[in-house]
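**Student:** Plus 759 on top of the position in the sequence shown (first one is 1) and you've got the working numbering.
The beta carbon of each residue, even a glycine, is placed where N, CA and C say it ideally should be.
Bear in mind that the values here come from a model prediction, so they are computed numbers and not experimental data.
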Amino acid sequence: MSRERARRRAERERERAEQAAARAAESERRERREARRRAVTSRLPLPARGSKGPSGVLAQRRRHELTMTAILLGLVNLVVWLAFSDWAPRLLALLVTVLVAPVVHLLLFRRPR
Numbered sequence: 760m761s762r763e764r765a766r767r768r769a770e771r772e773r774e775r776a777e778q779a780a781a782r783a784a785e786s787e788r789r790e791r792r793e794a795r796r797r798a799v800t801s802r803l804p805l806p807a808r809g810s811k812g813p814s815g816v817l818a819q820r821r822r823h824e825l826t827m828t829a830i831l832l833g834l835v836n837l838v839v840w841l842a843f844s845d846w847a848p849r850l851l852a853l854l855v856t857v858l859v860a861p862v863v864h865l866l867l868f869r870r871p872r
């Protein structure tokens, strides 16, 4: 009986040692990966905190203009979508909207020189 317990205990200890070795190997891989990441990212400039992009007056005006253009063209597509039940006019309107969007934006928000 004591030989059987000793054998099972030795087997459990061997399994624990294998698990500890696997955890140590994973930890070592994680440390190497983090070291590589730190080495690469240390050369990159830090992003500005608290901002997702340009935040000046011109950037704000541009965002507003683009938003208004997108809303207008979206409303046009919504009207076409509700007015026609066939897919051909809907897809044609979507295609025309994508192609005409820069022209509409220019006509709506042209700045005089």
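Thinking C-beta only, is residue 836 closer than 8 Å to residue 852?
**Tutor:** Cβ atoms of residue 852 and residue 836: closer than 8 Å.
**Student:** Please say whether residue 848 and residue 839 have beta carbons closer to each other than 8 Å?
**Tutor:** It is a contact, given that the beta carbons lie within the stated cut-off.
**Student:** On the CB-based measure, 16 or more other CB atoms within 10 Å of its CB, does residue 832 come out buried or exposed?
**Tutor:** Looking at its Cβ environment, which holds 16 or more other Cβ atoms inside 10 Å, residue 832 is buried.
**Student:** Do residue 864 and residue 828 count as a contact pair if the criterion is CB distance below 8 Å?
**Tutor:** Result yes, Cβ atoms of residue 828 and residue 864 sit closer than 8 Å.
**Student:** With DSSP run on the structure shown, which of helix, strand or coil describes residue 848?
**Tutor:** Three-state DSSP puts residue 848 in a helix.
**Student:** Which of the three DSSP states, helix, strand or coil, is assigned to residue 827?
**Tutor:** Residue 827 falls in the helix class under three-state DSSP.
**Student:** Quick check on DSSP: helix, strand or coil for residue 815?
**Tutor:** Residue 815 falls in the coil class under three-state DSSP.
**Student:** By Cβ distance, which residues of its chain are closer than 7 Å to residue 868, with the 5 residues on each side in sequence left out?
**Tutor:** For residue 868, where only same-chain residues beyond five positions count, the Cβ hits under 7 Å are 824.
**Student:** Which two residues bound the contiguous alpha helix (DSSP H) that contains residue 870?
**Tutor:** Where residue 870 is concerned, there is no enclosing alpha helix (DSSP H), given that its DSSP letter is neither H nor E.
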